[in-house]
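Sequence order for the protein chains is A and B.
Counting in the numbering used here, the first sequence runs from 27 upward without gaps.
Counting in the numbering used here, the second sequence runs from 27 upward without gaps.
2 protein chains.
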Amino acid sequence: MATISKKRQLGRQVSIVGGGLSQFGAFPEKDTRDLFVEAFQDMVQNMDRGFDIEDIECAYVGNYSSDLFEHQGHTAPIVADWLGITPIPITRIENACASSGSALREGVMAIASGMYDVVLVGGMEKMTNLPTDGVTDVLASAADGLYEVPAGLTFPGIFGAIAKAHMDKYETNLDHLLKVAIKNHSNGALNSKAQFQQTVTEMMERRISRAQERGQEVPDYKTDMDFLNDPRANPWIAWPLRLYDCAPITDGASCVLLVSKEIAHNFADTPIDIAGIGQATGKPLHDSDELTSLSAAKAASQQAYDMAGITVADIDLAEVHDCFTIAEIVATEDLGFFAPGEGPRAVDEGRTARDGDHPINTSGGLKAKGHPVGASGVGQVIEIYKQLRGEAGERQVKKADPTVGVTHNVGGTGGTCVVNVLRRES
Amino acid sequence: MATISKKRQLGRQVSIVGGGLSQFGAFPEKDTRDLFVEAFQDMVQNMDRGFDIEDIECAYVGNYSSDLFEHQGHTAPIVADWLGITPIPITRIENACASSGSALREGVMAIASGMYDVVLVGGMEKMTNLPTDGVTDVLASAADGLYEVPAGLTFPGIFGAIAKAHMDKYETNLDHLLKVAIKNHSNGALNSKAQFQQTVTEMMERRISRAQERGQEVPDYKTDMDFLNDPRANPWIAWPLRLYDCAPITDGASCVLLVSKEIAHNFADTPIDIAGIGQATGKPLHDSDELTSLSAAKAASQQAYDMAGITVADIDLAEVHDCFTIAEIVATEDLGFFAPGEGPRAVDEGRTARDGDHPINTSGGLKAKGHPVGASGVGQVIEIYKQLRGEAGERQVKKADPTVGVTHNVGGTGGTCVVNVLRRES
Numbered sequence: 027m028a029t030i031s032k033k034r035q036l037g038r039q040v041s042i043v044g045g046g047l048s049q050f051g052a053f054p055e056k057d058t059r060d061l062f063v064e065a066f067q068d069m070v071q072n073m074d075r076g077f078d079i080e081d082i083e084c085a086y087v088g089n090y091s092s093d094l095f096e097h098q099g100h101t102a103p104i105v106a107d108w109l110g111i112t113p114i115p116i117t118r119i120e121n122a123c124a125s126s127g128s129a130l131r132e133g134v135m136a137i138a139s140g141m142y143d144v145v146l147v148g149g150m151e152k153m154t155n156l157p158t159d160g161v162t163d164v165l166a167s168a169a170d171g172l173y174e175v176p177a178g179l180t181f182p183g184i185f186g187a188i189a190k191a192h193m194d195k196y197e198t199n200l201d202h203l204l205k206v207a208i209k210n211h212s213n214g215a216l217n218s219k220a221q222f223q224q225t226v227t228e229m230m231e232r233r234i235s236r237a238q239e240r241g242q243e244v245p246d247y248k249t250d251m252d253f254l255n256d257p258r259a260n261p262w263i264a265w266p267l268r269l270y271d272c273a274p275i276t277d278g279a280s281c282v283l284l285v286s287k288e289i290a291h292n293f294a295d296t297p298i299d300i301a302g303i304g305q306a307t308g309k310p311l312h313d314s315d316e317l318t319s320l321s322a323a324k325a326a327s328q329q330a331y332d333m334a335g336i337t338v339a340d341i342d343l344a345e346v347h348d349c350f351t352i353a354e355i356v357a358t359e360d361l362g363f364f365a366p367g368e369g370p371r372a373v374d375e376g377r378t379a380r381d382g383d384h385p386i387n388t389s390g391g392l393k394a395k396g397h398p399v400g401a402s403g404v405g406q407v408i409e410i411y412k413q414l415r416g417e418a419g420e421r422q423v424k425k426a427d428p429t430v431g432v433t434h435n436v437g438g439t440g441g442t443c444v445v446n447v448l449r450r451e452s
Numbered sequence: 027m028a029t030i031s032k033k034r035q036l037g038r039q040v041s042i043v044g045g046g047l048s049q050f051g052a053f054p055e056k057d058t059r060d061l062f063v064e065a066f067q068d069m070v071q072n073m074d075r076g077f078d079i080e081d082i083e084c085a086y087v088g089n090y091s092s093d094l095f096e097h098q099g100h101t102a103p104i105v106a107d108w109l110g111i112t113p114i115p116i117t118r119i120e121n122a123c124a125s126s127g128s129a130l131r132e133g134v135m136a137i138a139s140g141m142y143d144v145v146l147v148g149g150m151e152k153m154t155n156l157p158t159d160g161v162t163d164v165l166a167s168a169a170d171g172l173y174e175v176p177a178g179l180t181f182p183g184i185f186g187a188i189a190k191a192h193m194d195k196y197e198t199n200l201d202h203l204l205k206v207a208i209k210n211h212s213n214g215a216l217n218s219k220a221q222f223q224q225t226v227t228e229m230m231e232r233r234i235s236r237a238q239e240r241g242q243e244v245p246d247y248k249t250d251m252d253f254l255n256d257p258r259a260n261p262w263i264a265w266p267l268r269l270y271d272c273a274p275i276t277d278g279a280s281c282v283l284l285v286s287k288e289i290a291h292n293f294a295d296t297p298i299d300i301a302g303i304g305q306a307t308g309k310p311l312h313d314s315d316e317l318t319s320l321s322a323a324k325a326a327s328q329q330a331y332d333m334a335g336i337t338v339a340d341i342d343l344a345e346v347h348d349c350f351t352i353a354e355i356v357a358t359e360d361l362g363f364f365a366p367g368e369g370p371r372a373v374d375e376g377r378t379a380r381d382g383d384h385p386i387n388t389s390g391g392l393k394a395k396g397h398p399v400g401a402s403g404v405g406q407v408i409e410i411y412k413q414l415r416g417e418a419g420e421r422q423v424k425k426a427d428p429t430v431g432v433t434h435n436v437g438g439t440g441g442t443c444v445v446n447v448l449r450r451e452s
């Protein structure tokens, strides 16, 4: 397609000057609006300089389906009222699990258009009020309701099929998948906002000590892999995926403050520029050419890299859309970090760990941090924002002076993919 | 608020070079994707010059709730696949019944940002597959689910309350409301895409002739008002609103092609410029200061007029959001066409008719053309596009050479309002 590879440039550059997350987890007492306000307060408390809420001129919220989760449509003005930012315009963006990734893109273009200088972009999802099968049903509605859902496809089934295809085509095995989970839980253990703040080893030890306390048979686990290969601890969900291959069901919200680059230093000592944005659309799974790669991810990343004027070699770290462990492996190949089929070996060799040459999902990823679907795209951006500012604490990447980070946010089975390149001024 | 009144300008000007509508009505055999393709084909067939689908670089679709109407989320990529425009980015915009109004604004900013030159913007809703009470429930979810819906509010109830407040505050009466319906049906009778293509007189005559055919008591109607005051023909829905005060439940889709102004003549002999765009957010009804005016409509229109550099005196015609007859009256006051409380008298005096000084809803409005909620905002734009190009046929406004038209699209109870100023090059 001629159009997608066309070199695209923004009329004005855009920077991120703040970011905030609600706690990720299950919060029966909280509504979507409460979660968003919590994320907003977190952002305001962590901004480098003074900030007046009346500076905000326009807002976007990514949300997959407050309609089905809470029977609440038209969520955007409710959030605006709760924040106290009426009458500024606010718009809800929906592209399934890439909703806030797409929302960020709208915020960037709103500033680049010349209309606004200061735009709030966030995302939110309140999922845990439905039972698990209800959530699975709502998420399945992001697949094609005419051609896929009636055939029995759910998202674990879809990504199970992707994993099987990857195993058939390359030398991928079940251990590769579980090693992604081990890595991401080890990162999530260092993230105070994460839904799961324990390593797999800690979870294994907890299971052993519980068995001892209860006088039950004590499992004979020697390693994380022993634990993860025990079907009582890690049951099959949709072969070859097990419980620990799946991101959890999560309530949460995220937001960032975008400003025109020329005023960024009024808000932040170390603004982070949005150097490239890319979004592309893939065919539904039933109509896709292949299962082991998402065409939209490849197109979106190429667009974002071109806009930023970078190559893969320039990228210091990435947050990718690990809704399932196999999705992280496929993402690292689609983004060009590793050749097709080489993603699993890179996991084996520790290249995607915090001290590797391609650190992936230092936040814990969707897998351990949690996946409140509408919030995840902006949540990824916040992790890169913190890492590039050297503020990620114990989970700060080991490489000195990281400058360029990438986010990769997928909606559905690759129907939408949004890739951003973030860069710290050198 | 300092922010909302700030003068805003786009970095690049944007023009409309094509527009298309599906048939509006009830189509049990059609899905959302089918409706959108029908609108797209209508647009392509009516374009002035050659058009290649590969020219489209980016797309937006407004949709209120395919989630609740069809249990289909992530509708945007499905539409893209059906149109054959993957891999270009497509994003769903949701702001209740202002969804495609907001989508248009995103399309305008996407071009103004410098990212794209050619953007497709549309809207769609498939509503009639649910029973009427189901549709009422889905629409009610655009109100506040914590504070309003549990109190029993539905949209007919909400706009009934607005009508009652207007009647209490001003000299508005039930006849004023019905005269809006009579006017809009007389316009819709001339619109081949409309759901209702009959005048109220024709509907009255049909009722009389049916009674005669069936040997039933023949109603003694002398005028449209006799007919509309018969509760068997026009039953109460939510006092003071009756059936003919309410827009119908509709399946339909709409789309326009936006391009950067400098290339507009490559696509159209008579492009129509988007001279001003405004969007504002109102508090939920339970938290509003007054019922007889929508604060978001006033703020959005002021923003759009300022951007276009016009005053009310420059406006030749308007399409306003007449989801209920009272909503049209309030809209004409909020837009500044008439002073508060003067809207009803203007209807009485025929000032809002096709040959009046402020023609309103020449398309038939939501009332007669139909209201597929996510499609309505762009549907309004298409009517102004046709009128300013002199292509509205029998329903063309009487004033010579109309140059400036306005659209007014409301989401929920005024939680969102989008106002556009369209202008033909003179």
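Note that the Cβ used here is the ideal one computed from N, Cα and C, for glycine as well.
>> Within the continuous beta strand (DSSP E) that includes S280/A, where are the two ends?
In response: The continuous beta strand (DSSP E) containing S280/A extends over residues 278–286.
> For G88/B, does the count of other Cβ atoms within 10 angstroms reach 16, so buried, or fall short, so exposed?
Replying inline: By the C-beta density criterion, G88/B is buried, having at least 16 other C-beta atoms within 10 angstroms.
> Name the chain D residues that come within less than 7 Å of E96/B, Cβ to Cβ?
Replying inline: Absent from the structure is chain D; the protein chains it does hold are A and B.
> A330/A versus chain B: which residues are under 7 Å apart at the beta carbon?
Replying inline: Result: empty, since nearest Cβ-Cβ is about 12 Å, beyond 7 Å.
> Where in the region 89–175 of chain A do unbroken runs of the beta strand (DSSP E), each at least 3 residues long, occur, reported from the N-terminal end onward?
Replying inline: Positions of the beta strand (DSSP E) runs, each at least 3 residues long and wholly inside the region 89–175 of chain A, are given as 116–120, 144–151 in order along the chain.
> Roughly how many angstroms lie between the CA atoms of A394/A and I208/A, to the nearest whole one?
Replying inline: One alpha carbon belongs to A394/A, the other to I208/A, and they sit about 9 Å apart.
>> Between Y16/B and chain A, is the shortest Cβ-Cβ distance under 9 Å, so that the two count as touching?
In response: Limits of chain B in this structure are 27 at one end and 452 at the other, which puts residue 16/B out of reach.
>> Tell me which residues share the same chain as N210/A and place their Cβ nearer than 7 Å to its Cβ, disregarding the 5 neighbours each side in the sequence.
In response: Once the five neighbours on either side are set aside, the close Cβ partners of N210/A are D348, N387, G390, G391, K393, A394.
>> I need the boundaries of the alpha helix (DSSP H) containing H202/B, first residue and last residue.
In response: Note, H202/B: alpha helix (DSSP H), 200–214.
>> Residues of the region 287–302 of chain B in Cβ contact with chain A at a cutoff of 8 Å, in chain order, please.
In response: Residues of the region 287–302 of chain B that bring their beta carbon within less than 8 Å of a beta carbon in chain A are absent altogether.
> In this structure, does DSSP put T378/B in helix, strand or coil?
Replying inline: It is coil, neither helix nor strand.
>> Is it buried or exposed, A138/A, if we count other Cβ atoms within 10 angstroms and call 16 or more buried?
In response: By the neighbour-count rule (16 or more Cβ atoms within 10 Å), A138/A is buried.
> Can you name the residues of chain B whose CB is closer than 7 Å to the CB of T307/A?
Replying inline: Those within 7 Å of T307/A in chain B are P103, A106, T112, P113, I114, P115, I116.
>> For Q35/A and V144/B, I'd like the C-alpha separation in whole angstroms.
In response: Each residue's alpha carbon lies about 15 Å from the other.
> Going straight from the alpha carbon of C179/B to that of D295/B, what length do you get?
Replying inline: Looking at the sequence provided, one finds Leu at residue 179/B rather than Cys. When rounded, the distance between both Cα atoms is 48 Å.
> Does the beta carbon of H100/B come closer than 9 Å to any beta carbon on chain A?
Replying inline: Output row for H100/B: interface = yes.
> By DSSP, does Y196/A sit in helix, in strand, or in coil?
Replying inline: Y196/A falls in the coil class under three-state DSSP.
>> Classify A28/B: buried if its beta carbon has 16 or more other beta carbons within 10 angstroms, exposed otherwise.
In response: The predicted position of A28/B is uncertain, since its pLDDT is 35 and thus under 50; a value taken from the coordinates is nonetheless stated next. Exposed, because fewer than 16 other Cβ atoms sit within 10 Å of the Cβ of A28/B.
> So which residues on chain B does T158/A lean against when the C-beta distance must stay under 8 Å?
Replying inline: One finds nothing in chain B with a Cβ atom closer than 8 Å to the Cβ of T158/A; even the nearest lies about 18 Å away.
>> Relative to the C-alpha of A379/A, which candidate in A334/A, A365/A, I352/A, K425/A has its C-alpha closest?
In response: Ranked by Cα distance from A379/A, the options A334/A, A365/A, I352/A, K425/A are led by K425/A.
> Between the Cα of E420/A and the Cα atoms of C123/A, S218/A, V338/A, which residue gives the shortest distance?
Replying inline: That would be S218/A, whose Cα lies nearest to the Cα of E420/A.
> Count the other CB atoms within 10 Å of the CB of D299/A; is the residue buried (16 or more) or exposed (fewer)?
Replying inline: Buried, by the Cβ-count rule.
> Would a check of beta-carbon distances place S402/A closer than 9 Å to chain B?
Replying inline: By this cut-off, S402/A is not an interface position.
> Can you list, in chain order, the stretches of the alpha helix (DSSP H) that have 4 or more residues and sit fully within the region 282–355 of chain B?
Replying inline: Those alpha helix (DSSP H) runs which fall completely within the region 282–355 of chain B and span 4+ residues are 321–334.
> Who are T433/A's beta bridge partners in DSSP?
Replying inline: According to DSSP, which records beta bridges pairwise, T433/A is partnered with E345/A, N446/A.
> Per the contact definition of three or more C-beta pairs closer than 8 Å, is the region 65–77 of chain B in contact with the region 282–293 of chain B?
Replying inline: Flag = yes, the region 282–293 of chain B and the region 65–77 of chain B touch.
> In chain A, which residues lie with their C-beta within 7 Å of the C-beta of A37/B?
Replying inline: In the sequence on display, residue 37/B carries Gly and not Ala. The answer, in chain order, is G37, S139, G140.
> Is the CB of R34/A under 9 Å away from at least one CB in chain B?
Replying inline: Closer than 9 Å to some Cβ of chain B, the Cβ of R34/A qualifies, so yes.
> Would the beta-carbon of K287/A fall within 9 Å of that of R38/A?
Replying inline: Contact flag set, yes.
> In this structure, does DSSP put Y247/B in helix, strand or coil?
Replying inline: The answer is coil: DSSP assigns Y247/B none of H, G, I, E or B.
> Is G440/B closer than 9 Å to L311/B when the C-beta atoms are compared?
Replying inline: Yes, the Cβ-Cβ distance between L311/B and G440/B is below 9 Å.
> Going by DSSP, which residues form a beta bridge with A189/A?
Replying inline: Partner(s): none; A189/A has no beta bridge.
> Using a Cβ cut-off of 7 Å, which residues of the region 433–444 of chain A contact any Cβ in chain B, in chain order?
Replying inline: Sequence-ordered contacts of the region 433–444 of chain A with chain B read G437, G438, G441, T442 [C-beta pairs closer than 7 Å].
>> Quick check: what's the CA-CA separation for E417/A versus S212/A?
In response: Between the alpha carbons of E417/A and S212/A lies a gap of roughly 18 Å.
> What's the gap between the Cα of F50/A and the Cα of E231/A?
Replying inline: When rounded, the distance between both Cα atoms is 23 Å.
> What does Y90/A touch in chain B if you count any residue whose Cβ is under 7 Å from its own?
Replying inline: Here the neighbours are G99.
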